[in-house]
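**Student:** Mapping of the sequence shown onto my numbering: position 60 corresponds to residue 350, and the numbering continues sequentially without gaps.
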Amino acid sequence: SDIDCAALETELRAVADELQALLAQAGVDFVARETLFELDMLYVGQTHTVAGSLSIPDSGLQPTDIVQAFEESYRARFGRLLDNIPIRVVNYRVVAIGKRPPFDMRVLGPQETATASDCVIGHRQVYCNGTWHDANVYDRLRLAIGESLAGPCLLEQPDTTIFVDPGLQGRVDSQWNLVIERGSE
291 SDIDCAALET ELRAVADELQ ALLAQAGVDF VARETLFELD MLYVGQTHTV
341 AGSLSIPDSG LQPTDIVQAF EESYRARFGR LLDNIPIRVV NYRVVAIGKR
391 PPFDMRVLGP QETATASDCV IGHRQVYCNG TWHDANVYDR LRLAIGESLA
441 GPCLLEQPDT TIFVDPGLQG RVDSQWNLVI ERGSE
């Protein structure tokens, strides 16, 4: 009840301006920017705080805005409010977020791709479900988008080997992920 809302708002907006200036200096094209305000608050006499999201209205920050942020957060965490106990603001937090345009993961994909038959680098015997199977071994990182491989097979890349079980199908999606699904019966 005795917080100086005008001084708090001035402080919060000054920090927000500093953070937005840092984003501007980052040399990144953002599609949007956002500033978030949070207050860590508690009932006087308690030791645990709750973080309340704070919106600062154009008309200026009022004590009722702080109380509302506290009560929403406290009720969500503890299920009820306490009567006749003053609220204390302990900390504030200001976050500036620069939202980048969606990143096309395909730019990280292989530069040269090939069909599944062109990516066979060997053959192995694999033991699965009590039976030995002949399995092709593929160069995983050369597989083109849309290529599909019937199990059993092995896909090798520098950091892992992937086994596609018999009856399953591996498919390279548009982002070069390997999606393994049940094969058509």
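Each residue gets a CB set at the ideal place from its N, CA and C atoms; glycine is no exception.
Can you check the region 293-319 for any alpha helix (DSSP H) of at least 4 residues that lies completely inside it and give the ranges in chain order?
**Tutor:** Whole alpha helix (DSSP H) segments, 4+ residues: 295-315.
**Student:** Do you know whose CA, among Ser438, Ala406, Asn419, lies nearest Tyr428's CA?
**Tutor:** Here residue 428 corresponds to residue number 138 of the sequence shown, with the count starting at 1. Checked all of Ser438, Ala406, Asn419; the closest Cα to Tyr428 is Ala406.
**Student:** Select from Asp424, Asp463, Ile435 the residue whose C-alpha is nearest the C-alpha of Pro456.
**Tutor:** Residue mapping note: residue 456 aligns to position 166 of the sequence shown, counting from 1. Among Asp424, Asp463, Ile435, the Cα nearest to that of Pro456 is on Asp424.
**Student:** Run through DSSP, which three-state label would Thr325 get?
**Tutor:** What you label residue 325 is simply residue 35 of the sequence shown in a count that begins at 1. Looking at Thr325 - three-state DSSP - the assignment turns out to be strand.
**Student:** The alpha helix (DSSP H) with Ile356 in it runs from where to where?
**Tutor:** Counting from one through the sequence shown, the residue named residue 356 turns up at place 66. Element bounds for Ile356: 353-368.
**Student:** Quick one: is Ile377 buried, meaning 16 or more other Cβ sit within 10 Å of its Cβ, or exposed?
**Tutor:** As a first step, residue 377 must be located in the sequence shown, where it is residue number 87. By the 10 Å Cβ count, Ile377 comes out buried.
**Student:** How should Arg430 be labelled, buried or exposed, when 16 other C-beta atoms within 10 angstroms of its C-beta is the threshold for buried?
**Tutor:** As a position in the sequence shown, residue 430 is number 140, starting the count at 1. So Arg430 counts as buried.
**Student:** Quick check on DSSP: helix, strand or coil for Leu371?
**Tutor:** Numbered from 1 along the sequence shown, position 81 holds the residue referred to as residue 371. In this structure, Leu371 counts as coil in the three-state DSSP scheme.
**Student:** If the criterion is Cβ atoms closer than 8 Å, does the pair Leu302 and Tyr382 meet it?
**Tutor:** Here residue 302 refers to the residue found at position 12 of the sequence shown. Here residue 382 refers to the residue found at position 92 of the sequence shown. For Leu302 and Tyr382, yes; Cβs fall inside 8 Å.
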